[in-house]
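If you're matching them up, the sequences are chains W and Z in order.
Just so you know, the first sequence maps onto residues 1 to 217 in full-length UniProt numbering.
Just so you know, the second sequence maps onto residues 1 to 217 in full-length UniProt numbering.
Don't be surprised by glycine CBs; every beta carbon is placed ideally from N, CA and C.
Just so it is clear, the structure is predicted and the values come from calculations on it, not from any experiment.
To start, the structure under review is shown below, and the notes come after it.
There are 2 protein chains.
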Amino acid sequence: MVLAEVGVGEPVTERARVEILDAAAACFMERGYAATSIDDVARRLRATKGRIYHHFSSKADLFAQIFRTGMDMNFAAIEPLRSLDEPAIAIWTKMAHTHVRQMIVTRAYQRVVWEGVEMHLRGATTPEQRSQLNELVEYRSQYSSVFRLQMARARDQGDMHFADLSIANQMMFMALNSPIFWYKPRPRESAQDIDNIVDQVVAFARGGLGGKDRERP
Amino acid sequence: MVLAEVGVGEPVTERARVEILDAAAACFMERGYAATSIDDVARRLRATKGRIYHHFSSKADLFAQIFRTGMDMNFAAIEPLRSLDEPAIAIWTKMAHTHVRQMIVTRAYQRVVWEGVEMHLRGATTPEQRSQLNELVEYRSQYSSVFRLQMARARDQGDMHFADLSIANQMMFMALNSPIFWYKPRPRESAQDIDNIVDQVVAFARGGLGGKDRERP
Numbered sequence: 001m002v003l004a005e006v007g008v009g010e011p012v013t014e015r016a017r018v019e020i021l022d023a024a025a026a027c028f029m030e031r032g033y034a035a036t037s038i039d040d041v042a043r044r045l046r047a048t049k050g051r052i053y054h055h056f057s058s059k060a061d062l063f064a065q066i067f068r069t070g071m072d073m074n075f076a077a078i079e080p081l082r083s084l085d086e087p088a089i090a091i092w093t094k095m096a097h098t099h100v101r102q103m104i105v106t107r108a109y110q111r112v113v114w115e116g117v118e119m120h121l122r123g124a125t126t127p128e129q130r131s132q133l134n135e136l137v138e139y140r141s142q143y144s145s146v147f148r149l150q151m152a153r154a155r156d157q158g159d160m161h162f163a164d165l166s167i168a169n170q171m172m173f174m175a176l177n178s179p180i181f182w183y184k185p186r187p188r189e190s191a192q193d194i195d196n197i198v199d200q201v202v203a204f205a206r207g208g209l210g211g212k213d214r215e216r217p
Numbered sequence: 001m002v003l004a005e006v007g008v009g010e011p012v013t014e015r016a017r018v019e020i021l022d023a024a025a026a027c028f029m030e031r032g033y034a035a036t037s038i039d040d041v042a043r044r045l046r047a048t049k050g051r052i053y054h055h056f057s058s059k060a061d062l063f064a065q066i067f068r069t070g071m072d073m074n075f076a077a078i079e080p081l082r083s084l085d086e087p088a089i090a091i092w093t094k095m096a097h098t099h100v101r102q103m104i105v106t107r108a109y110q111r112v113v114w115e116g117v118e119m120h121l122r123g124a125t126t127p128e129q130r131s132q133l134n135e136l137v138e139y140r141s142q143y144s145s146v147f148r149l150q151m152a153r154a155r156d157q158g159d160m161h162f163a164d165l166s167i168a169n170q171m172m173f174m175a176l177n178s179p180i181f182w183y184k185p186r187p188r189e190s191a192q193d194i195d196n197i198v199d200q201v202v203a204f205a206r207g208g209l210g211g212k213d214r215e216r217p
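Written out as C-alpha cells, the structure is:
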C-alpha cells in the first residue's frame, strides 16, 4: 500500500521514491532504526540495494525523509481546519480526529517520527544526523503548537479546563498518538470500525482536557 | 541514588546488586538496550565488568532483572490499595496517583519496562530472551488487570463512562505512563511540585475515562 500521496501525472521517479519510503517505514516500525539495514528494506521491496541508493544516500537519510513525509502528511491533513470560524474546542476536536486517523492510517511513518524524537532526546547519533533531527524535531514542534494554540483559546473561552498548558499538551499528544503503539488492523475491519476507535481516542483526550459538552461514544 | 528498596540488615550482596541495577537502568534509559554495553554500566559504576558479571550473567539478564524489579516495585506500591472498602473510582484514583509517582521516582526502571514490552512486540530477541520477556510481559498484564478491574467496577457503579474497556485501559496507561517520556527533574524541585504534576496527570486520565466528581487542580 502506498501511503504517502502521489498525484496523478507525477513523475515515475516520485512514485518509486514513495514505494521505498513505504517499505523502509514498515521495516523501521517492525524492528526499530538500529536493527534495520538497507538490506532489509531491499528484501521487503524485492529490489536491489542499488535501487535504494539511487534515491537515498544512507539509512539515516531514508529515516529523515520518512520523518519529514510523516509530518508533511499531518500538516496537510489539519491545514483546512486551522482557520475555521468556529469555537476553539470545535476546531481542536476536528484536528484531533484528523490527527488520530493519521496515526492509524500512516502509522509506520508516525512510528518513525516517534523514534526520531527519542533518538534526538538521547542524542545517540552522528553530528550530521543530529542537525537533521534538530530540524525535524523543530518542524514537529510547529505542528504541536497548532494544537496548543487551540487548547489555550478553548480554555480562554471556558470550554476546556486544565492547569499547565505544557503538561496538558504532552498528555494530549500521548493520548492522541497512542494508537501507533496499540492499534492492530483486523481482518474485515470497516471504515466504521476505524471511526469508532478514533472517536474513543478523541473522547478520552477531550475528557482529559476537561472539554465541555463532550459526546461520549 | 538507590531506587530499588533494600531493607536494613539485608546482606551486602543485595545492596551491591541494587547499585548495579540502578546504574544499568540509567544507562538503558539514556541510550536504549541495543546501544548500551556492560562496559557502559561498569564505567558509570566506576567498577570492573567482573563485578557486574559476578551478579548478572549477561546484558539480557540485567535488563530482565530491571524489568522485574520495576514491576515488583509497582505491585508493592499499589498492594495496600487494592482491597480498600471504597467505591471503585476512589480506589482507582489512589492507585493512579501511586502509579504516576512510581513513573516519576523510578522512571529509569519504568523506561526499561516500556522498552521490554516493545522488544517483546517486535520479537527481535534470542529464544532465551523471548521466553524471559514472555514471562515478564505476562507479569505486567497481571498488574494492568488490577486497574482494569477497578475501571470496570467504576463503570458499573456509574462513576466512569467509556465505551470499550480494552481501549480505555490502553489509553489510561499511556496517559499515566507518559511522564517516563516527558518528565525532567528540575533543580530545587519540591515534593509539592511533584505532587502537582502527579495531580495533573491523574486528572487527565480520570477525565479521559469520564470520571465523575473530578476535582480539577
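query: Chain-ordered neighbours of A60 of chain Z on chain W, where CB pairs are closer than 9 Å; result: Neighbours of A60 of chain Z on chain W: none; closest Cβ ~15 Å, over 9 Å.
query: Minimum Cβ-Cβ distance from F28 of chain W to chain Z less than 8 Å; result: no
query: Chain Z contacts from the UniProt domain "HTH tetR-type" (14 to 74) of chain W (Cβ-Cβ distance under 7 Å); result: E30, R31, G32, A34, A35
query: Where E128 of chain Z falls: helix, strand or coil (DSSP); result: helix
query: Status (buried if at least 16 other CB within 10 Å, exposed otherwise) for L165 of chain Z; result: exposed
query: CB of V105 of chain W within 8 Å of CB of V202 of chain W, strictly; result: no
query: Neighbour-count burial assignment, D156 of chain W, 16 or more Cβ in a 10 Å radius; result: exposed
query: Three CB pairs or more closer than 8 Å across the stretch 65 to 80 of chain Z and the stretch 101 to 120 of chain Z; result: yes
query: Alpha carbon of L133 of chain W to alpha carbon of R31 of chain Z, nearest angstrom; result: 16 Å
query: Length of the line joining the Cα atoms of N177 of chain Z and W182 of chain W; result: 14 Å
query: Partners in chain W for Q200 of chain Z, counting only beta-carbon separations shorter than 9 Å; result: F162, A163, D164, I167, A168, M171
query: Cβ distance (whole Å) where F28 of chain Z is taken to contact F63 of chain Z below 8 Å; result: 7 Å
query: Beta-carbon contacts of G211 of chain Z that lie in its chain and below 7 Å, excluding the five residues immediately before and after; result: I89, D159, M160
query: Beta strand (DSSP E) runs wholly inside the UniProt domain "HTH tetR-type" (14 to 74) of chain Z, at least 3 long, in chain order; result: none
query: Three or more C-beta pairs below 8 Å linking the stretch 78 to 89 of chain Z and the stretch 140 to 157 of chain Z; result: yes
query: Proximity of L121 of chain Z and A168 of chain Z at Cβ, strictly below 8 Å; result: no
query: For L45 of chain W and V113 of chain Z, the rounded distance between their alpha carbons; result: 33 Å
query: Given K94 of chain Z as reference, the closest of Z:P185, Z:M151, Z:V12, Z:F162 once Cα atoms are compared; result: Z:M151
query: Cut-off 7 Å between Cβ atoms - residues of its own chain near R82 of chain W, not counting five sequence neighbours on either side; result: V146
query: Chain W within 8 Å of M103 of chain Z, Cβ atoms only; result: no
query: V137 of chain Z versus M119 of chain W: straight-line alpha-carbon distance, rounded; result: 25 Å
query: Neighbour flag for I194 of chain W against chain Z, beta carbons, 8 Å; result: no
query: R186 of chain W versus I180 of chain W: straight-line alpha-carbon distance, rounded; result: 15 Å
query: Contacting residues, own chain, Cβ-Cβ under 7 Å from I91 of chain Z (five flanking each side not counted); result: L81, L84, Q150
query: Backbone secondary structure at T106 of chain Z - three-state DSSP; result: coil
query: Extent of the continuous alpha helix (DSSP H) run through R188 of chain W; result: No alpha helix (DSSP H) contains R188 of chain W, which DSSP labels as neither H nor E.
query: Option in Z:A96, Z:S58, Z:A60, Z:M103 with minimal Cα separation from K184 of chain Z; result: Z:M103
query: Q157 of chain Z (DSSP reduced to helix, strand or coil); result: coil
query: D61 of chain W and K49 of chain W closer than 8 Å at C-beta; result: no
query: Outcome for R15 of chain Z when other beta-carbon atoms lying within 10 angstroms are tallied against a minimum of 16; result: exposed
query: DSSP state of E86 of chain Z mapped onto helix, strand, coil; result: coil
query: Partner residues on chain Z for A175 of chain W, Cβ-Cβ distance less than 7 Å; result: M171, M174, A175, G208
query: S166 of chain Z, DSSP secondary structure in three states; result: helix
query: Range covered by the alpha helix (DSSP H) that runs through P179 of chain Z; result: 179 to 182
query: Proximity below 8 Å, CB of A35 of chain Z to CB of A34 of chain W; result: yes
query: Nearest-angstrom Cβ-Cβ length linking I66 of chain Z and A26 of chain Z, presumed shorter than 8 Å; result: With 8 Å as the limit, I66 of chain Z and A26 of chain Z do not qualify as a contact, their Cβ atoms being about 10 Å apart.
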